[in-house]
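Visitor:
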Amino acid sequence: APVHLGIAAQTPNGLMVPVVRHAEARDPYDTALEIARVSGAAKDGTAKREELSGSTITITSLGTLGGVVHTPIINHPEVAIVGPNKIAERVVVRDGQMVVRKMMNLSSSFDHRIVDGHDAAVFVQRIKGLLEHPATLWMG
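Residue numbers (this note's numbering): 261 to 400.
Laid out in structure tokens, this is it:
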């Protein structure tokens, strides 16, 4: 199924969600370029109606505002919303030693009428893995 990725963007006219169409078919570089293009259009007021509707999932973040956890709300007709939060240094135990690591909470909400809870958890674990090992994005 096509993935039309909404990117929550604060604009002079309030929060808007420009959409990256067919995100599943794009490589990371092309995705980044399209995010910059559609979010820029939303911010400068030149986005077309079709660039601001039809997303199937949205990424939102309170990390830039210092948020460490939030409960993102799904916008109809989307099936999910994912929200990375602020990256912060935290003490964790690795191999019996206390060490400082950069960590981030990943908030998410899923429409369980459409997405099975187990599948949602697997999806979040996949995102976690990609964030921990971003080079795997280029491996296909």
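We put the beta carbon where it would ideally sit given N, CA and C, even for glycine.
#1: Could you have a look at residue 362 and say whether DSSP puts it in helix, strand or coil?
#2: For residue 345, count neighbouring Cβ atoms within 10 angstroms of its own Cβ and tell me buried if that reaches 16, exposed if not.
#3: Between residue 334 and residue 369, how many whole angstroms is the CB-CB distance? I'm expecting something under 8 Å.
#4: Bridge partners of residue 267, per DSSP?
#5: The beta strand (DSSP E) that contains residue 344, what's its start and end?
#6: In terms of residue numbering, what span does the beta strand (DSSP E) encompassing residue 348 cover?
#7: Fully enclosed by the region 273–331, which alpha helix (DSSP H) runs are 4 residues long or longer?
#8: Ends of the alpha helix (DSSP H) at residue 373?
#9: Thinking residue 265 and residue 285 are a contact (beta carbons under 8 Å), I'd like their distance in whole angstroms, please.
#10: Looking only at DSSP bridge pairs, what is residue 357 linked to?
#11: Would you mind sorting residue 367 into buried or exposed? The rule is 16 or more other CB atoms within 10 Å of its CB.
#12: Out of 298, 272 and 361, point me to the one whose CA is closest to residue 279's CA.
#13: Relative to the alpha-carbon of residue 308, which residue among 277, 379, 374 and 350 has its alpha-carbon at the smallest distance?
Guide: Based on what the coordinates show:
#1: Correct three-state label for residue 362: strand.
#2: Under this definition residue 345 is a buried residue.
#3: 5 Å
#4: Under DSSP, residue 267 forms a beta bridge with 319.
#5: 340–344
#6: 348–354
#7: 288–304
#8: That residue, residue 373, is in no alpha helix (DSSP H); it is neither H nor E in DSSP.
#9: With 8 Å as the limit, residue 265 and residue 285 do not qualify as a contact, their Cβ atoms being about 11 Å apart.
#10: Residue pairing from DSSP places residue 357 in a beta bridge opposite 354.
#11: Under the 10 Å beta carbon count, residue 367 is surrounded by 16 or more other beta carbons and is classified as buried.
#12: The shortest Cα separation from residue 279 among 298, 272 and 361 belongs to 298.
#13: For residue 308, the closest of 277, 379, 374 and 350 by C-alpha to C-alpha distance is 277.
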